[in-house]
Amino acid sequence: MNPSAQNQSSNTNADWCASEREARRSLESARGPRDPVLLGNALTQLRDAWAARAHAAFEHATEHGVQCTEVPNDDEFVPQPGVHLITAPQVGADARRLLTAGLEHGVPVLALAREPMTKLGERPVAVLGRGVVIRTRIKPEDDVECPSLEWWKTAFCALVQAAQRADDPTASPERRLEIMLDRLDGLPGLSTDLIEDARELASIKSE
10 MNPSAQNQSS NTNADWCASE REARRSLESA RGPRDPVLLG NALTQLRDAW
60 AARAHAAFEH ATEHGVQCTE VPNDDEFVPQ PGVHLITAPQ VGADARRLLT
110 AGLEHGVPVL ALAREPMTKL GERPVAVLGR GVVIRTRIKP EDDVECPSLE
160 WWKTAFCALV QAAQRADDPT ASPERRLEIM LDRLDGLPGL STDLIEDARE
210 LASIKSE
């Protein structure tokens, strides 16, 4: 990735980008009063915007493959569109920086981080939500230098499932929702199941 390059596709996906920004604003506004209708509407809007973001990113990845990316230490960098795998020594926080830069510049990106292999031969993968790390282990990629898009999708879906497993059913619905939204914040893209879980929690009132 060339951090100084002006990406020609930066502003060609204004629809998903504008929709995602609006959905994020609506979600933040609804989190305070915990209005179930407003929360549900914002989550639906976010789901649709993320589906459009993912579609654009996967279109690029289908042609160019998964990009093993090093995120530059530069708040002004413009990422390349597509699907990114952040590699060690960089971590989930760097994947989050890339996602944030993509939204700021209107570039459709998806990203997660891979960590060094475990002694048991498993590949840890991670993302950073809002103050919370989501991490899990999966079967390693066949080609370390050129991971397949299918392997990347498997890794992402495993992270979504890890975020779901982390839910504490003994906590109040309000607390569960807040934590789930914090985890969800780091998983834009293929997060339909987690969004639906959040929508369900938003509709529950504590006794």
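Under the numbering used here, the sequence shown has 107 at position 98, and the numbering climbs by one with no breaks.
The beta carbon of each residue, even a glycine, is placed where N, CA and C say it ideally should be.
If you check the CB distance, Gly115 and Asp191 do not come in under 8 Å. One Cα belongs to Trp161, the other to Ser212, and the distance between them is close to 32 Å. Annotation note: the segment 107 to 152 contains the following uninterrupted beta strand (DSSP E) runs of length 3 or greater, listed N- to C-terminal: 118 to 123, 132 to 137 and 142 to 147.
If the five residues before and after Gly140 are omitted, its C-beta is found closer than 8 Å to the C-beta atoms of Asp191, all from its own chain and listed in chain order. DSSP lists Cys77 and Leu121 as the beta-bridge partner residues of Leu94. Measuring C-alpha to C-alpha distances from Glu183 to each of Leu168, Pro197, Ala207 and Cys166 identifies Ala207 as the nearest. Contact annotation, Ala110 with Val87: C-beta distance approximately 7 Å; criterion of less than 8 Å satisfied.
Between the alpha carbons of Thr96 and Asp44 lies a distance of about 40 Å.
The beta-carbon separation of Arg62 and Gly198, rounded to 6 Å, stays under the 8 Å limit for a contact. Shown here for Pro125: same chain residues with a beta carbon closer than 6 Å to its own, the five before and five after excluded, namely Ala97 in chain order. The C-alpha of Ile188 is placed about 18 Å away from the C-alpha of Thr145. Excluding five sequence positions before and after Arg56, the CB atoms of its chain that fall closer than 7 Å to its own CB belong to Thr201 and Ile204, given in chain order.
Of all alpha-carbon atoms in Leu107, Val100, His64 and Phe67, the one lying nearest the alpha-carbon of Asp84 is that of Leu107. Within the same chain, Val80 and Ile95 come within 6 Å of Asp103 by CB-CB distance, once the 5 residues on both sides are set aside. By the Cβ-count criterion, Arg34 is exposed, with fewer than 16 other Cβ atoms from all chains shown falling within 10 Å of its own Cβ.
Taking all protein chains in view, the Cβ of Thr127 is surrounded by fewer than 16 other Cβ atoms within 10 Å, so the residue is classified as exposed. Contact between His93 and Val134 fails: their C-beta atoms lie close to 12 Å from each other, not under 8 Å.
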